[in-house]
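A short write-up of the structure that comes next.
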Ligand SMILES: Nc1ncnc2c1ncn2[C@@H]1O[C@H](COP(=O)(O)OP(=O)(O)OP(=O)(O)O)[C@@H](O)[C@H]1O
Ligand SMILES: [Mg+2]
């Protein structure tokens with residue numbers, strides 16, 4: 001029996017990956033040409049999936065590819081260790097790792113542990129335990145950021161490097177991190193970089209004129225997938241797995257999910273499961289609503305918690321965002337209809353909801369609820 005063709009909550013490639021052809025081509029071309037690309041979008045639009053897909057295709061073309069999630073590190077040194085490790089082990093057999101490290105690091109030697117007592121491939125850990133003082137950290141950063149250039153020269157190969165959740169570098173201190181990285185990468189002609197980040201305002205600020213990454217390279221702002229293409233993709237996957245979709249089903253899913261890729265795949269995945277459990281060969285819009293109702297019940301306690309944590313003013317503004325489709329929230333009409341106070345206080349409440357990641361700005365004047373299920377819950381369960 002066919003498996004569920006829809007995937008959410010993890011990076012998708014291959015059959016679960018829809019569209020994005022223009023973005024894939026462009027990112028691949030830029031990385032191949034050694035560009036330093038900034039990739040920006042709100043959360044869960046598909047940056048990591050796009051990057052993974054492109055790196056895989058570049059690896060097939062012979063590039064050495066490296067992927068590191070900056071936000072996974074709890075400190076600057078931790079990040080440098082994770083990055084150095086990823087560079088060191090890329091395409092390096094475990095037996096060669098120590099010698100390769102000796103060739104690669106010129107001034108600061110890492111401590112390397114190779115654990116072969118685990119099932120699967122040996123586990124390789126790398127650390128710089130002697131680095132503490134700020135001056136030493138800066139020196140270490142210089143060394144680590146220079147590695148890709150050295151690797152490219154030593155192996156006579158091009159590299160493509162992805163630093164995901166890149167906005168997290170701003171948590172490591174002032175912009176000296178960005179300075180060090182920018183200074184190193186700009187000379188590395190054989191190395192393409194993609195700096196992907198999911199907090200558009202932070203990422204955009206990194207690109208402004210007084211910051212190190214100003215004009216460092218092309219900027220890609222990942223938009224939503226075209227709704228018609230996404231709808232066609234969904235219906236195609238339903239049909240290919242033996243559940244004939246009712247006409248309009250794809251569009252209904254995309255619409256209900258606010259066309260956020262994660263939400264679209266979640267709804268499709270859950271619905272596909274329900275249709276299979278019912279042993280049905282067709283998938284209808286009515287099924288979609290049955291699944292939606294189930295999900296709202298399941299997630300109810302979590303949404304209730306989130307709701308309880310809000311102030312009354314925040315609840316009122318959030319409801320207005322939902323019921324007014326995020327438009328004209330500062331206008332006198334909307335404020336009167338929802339008994340909101342002054343425009344300036346609504347404005348600051350909107351800011352608080354954005355910081356709490358419950359809503360996001362959509363264009364200059366519109367707001368959307370980040371989680372489409374929460375939006376539906378607010379619409380149905382609150383007053
Ligand atoms: N091209 C795509 N086609 C179909 N589904 C996609 C696509 N890109 C992303 N998705 C869906 O969105 C989910 C989130 O994707 P991904 O993790 O790549 O986004 P992201 O922008 O990196 O998110 P975050 O900002 O949270 O890191 C995936 O698990 C998948 O369900
Ligand atoms: Mg991501």
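In our numbering, the protein residues as written are 1 to 383.
Beta carbons: idealized from backbone N, C-alpha and C, even for Gly.
Same chain only: Cβ atoms within 8 Å of residue i, ignoring 5 sequence neighbours per side
{"i": "residue 100", "result": "88 and 92"}
{"i": "residue 98", "result": "112 and 114"}
{"i": "residue 339", "result": "316"}
{"i": "residue 222", "result": "23, 39, 40, 41, 45, 46, 47 and 50"}
{"i": "residue 33", "result": "192"}
{"i": "residue 306", "result": "358 and 374"}
{"i": "residue 345", "result": "313"}
{"i": "residue 227", "result": "251, 254, 255 and 259"}
Close Cβ partners of residue i (< 6 Å) along its chain, the five nearest in sequence each way excluded
{"i": "residue 157", "result": "64"}
{"i": "residue 229", "result": "19"}
{"i": "residue 116", "result": "122"}
{"i": "residue 238", "result": "245 and 283"}
{"i": "residue 184", "result": "145 and 146"}
{"i": "residue 108", "result": "140 and 143"}
Enclosing beta strand (DSSP E) for residue i [first to last residue]
{"i": "residue 362", "result": "359-362"}
{"i": "residue 128", "result": "First-last for residue 128: undefined, no H or E at that position."}
{"i": "residue 36", "result": "36-40"}
{"i": "residue 197", "result": "191-197"}
{"i": "residue 111", "result": "111-115"}
{"i": "residue 160", "result": "159-164"}
{"i": "residue 221", "result": "219-221"}
Where the alpha helix (DSSP H) through residue i begins and ends
{"i": "residue 228", "result": "227-240"}
{"i": "residue 303", "result": "285-308"}
{"i": "residue 97", "result": "97-104"}
{"i": "residue 366", "result": "From DSSP, residue 366 is part of no alpha helix (DSSP H) but of the beta strand (DSSP E) over 366-369."}
{"i": "residue 64", "result": "First-last for residue 64: 64-69, but that is the beta strand (DSSP E), not the alpha helix (DSSP H)."}
{"i": "residue 339", "result": "It is not in any alpha helix (DSSP H) - residue 339 carries neither H nor E in the DSSP assignment."}
{"i": "residue 27", "result": "21-32"}
{"i": "residue 200", "result": "200-206"}
{"i": "residue 315", "result": "312-323"}
{"i": "residue 276", "result": "261-277"}
{"i": "residue 47", "result": "47-60"}
{"i": "residue 384", "result": "A query on residue 384 cannot be resolved here, the shown segment of the chain reaching from 1 to 383 and no further."}
{"i": "residue 350", "result": "343-355"}
{"i": "residue 181", "result": "176-185"}
{"i": "residue 253", "result": "249-256"}
{"i": "residue 79", "result": "76-89"}
For residue j and residue i, believed in contact at Cβ under 8 Å, the rounded distance
{"i": "residue 269", "j": "residue 6", "result": "4 Å"}
{"i": "residue 113", "j": "residue 262", "result": "Between residue 262 and residue 113 the Cβ distance is about 37 Å, and since that is not below 8 Å, they are no contact."}
{"i": "residue 368", "j": "residue 362", "result": "5 Å"}
{"i": "residue 143", "j": "residue 105", "result": "7 Å"}
{"i": "residue 422", "j": "residue 82", "result": "Outside the displayed span of the chain (1 to 383) sits residue 422, for which this structure offers no information."}
{"i": "residue 264", "j": "residue 253", "result": "6 Å"}
{"i": "residue 148", "j": "residue 186", "result": "At roughly 12 Å, the Cβ-Cβ gap does not stay under 8 Å, so residue 148 and residue 186 are not in contact."}
{"i": "residue 166", "j": "residue 195", "result": "4 Å"}
{"i": "residue 85", "j": "residue 126", "result": "4 Å"}
{"i": "residue 320", "j": "residue 329", "result": "6 Å"}
CA nearest to the CA of residue i, picked from the options
{"i": "residue 14", "options": "29, 51 and 42", "result": "51"}
{"i": "residue 285", "options": "28, 267 and 240", "result": "267"}
{"i": "residue 179", "options": "138, 257 and 199", "result": "138"}
{"i": "residue 241", "options": "280, 39 and 25", "result": "280"}
{"i": "residue 327", "options": "301, 360, 302 and 299", "result": "360"}
{"i": "residue 308", "options": "185, 291 and 381", "result": "381"}
{"i": "residue 318", "options": "336, 352 and 8", "result": "352"}
{"i": "residue 379", "options": "324, 365 and 118", "result": "324"}
{"i": "residue 231", "options": "243, 153, 177 and 248", "result": "248"}
{"i": "residue 73", "options": "161, 168 and 199", "result": "168"}
{"i": "residue 377", "options": "322, 347, 334 and 348", "result": "322"}
{"i": "residue 110", "options": "95, 118, 133 and 80", "result": "80"}
{"i": "residue 103", "options": "61, 119, 135 and 150", "result": "150"}
{"i": "residue 190", "options": "236, 2, 153 and 198", "result": "153"}
{"i": "residue 8", "options": "296, 257 and 290", "result": "257"}
Same chain only: Cβ atoms within 7 Å of residue i, ignoring 5 sequence neighbours per side
{"i": "residue 57", "result": "28"}
{"i": "residue 30", "result": "37, 192 and 218"}
{"i": "residue 357", "result": "370"}
{"i": "residue 131", "result": "77, 137 and 140"}
{"i": "residue 170", "result": "202"}
{"i": "residue 366", "result": "326 and 327"}
{"i": "residue 214", "result": "207 and 208"}
{"i": "residue 287", "result": "271, 274 and 275"}
{"i": "residue 182", "result": "212, 213 and 216"}
Contact test: residue i Cβ vs ligand 3 heavy atom, cutoff 8 Å
{"i": "residue 19", "result": "The ligand content of the structure shown is limited to ligand 1 and ligand 2, which means ligand 3 is not among them."}
9 Å Cβ cutoff, residue i in contact with chain D
{"i": "residue 118", "result": "Among the protein chains of the structure shown there is no chain D, as only one such chain exists."}
Practice task
When you get a sec, list the residues whose CB is within less than 7 Å of any heavy atom of ligand 2, chain order please.
Solution key: 47, 48, 164, 165, 196 and 198
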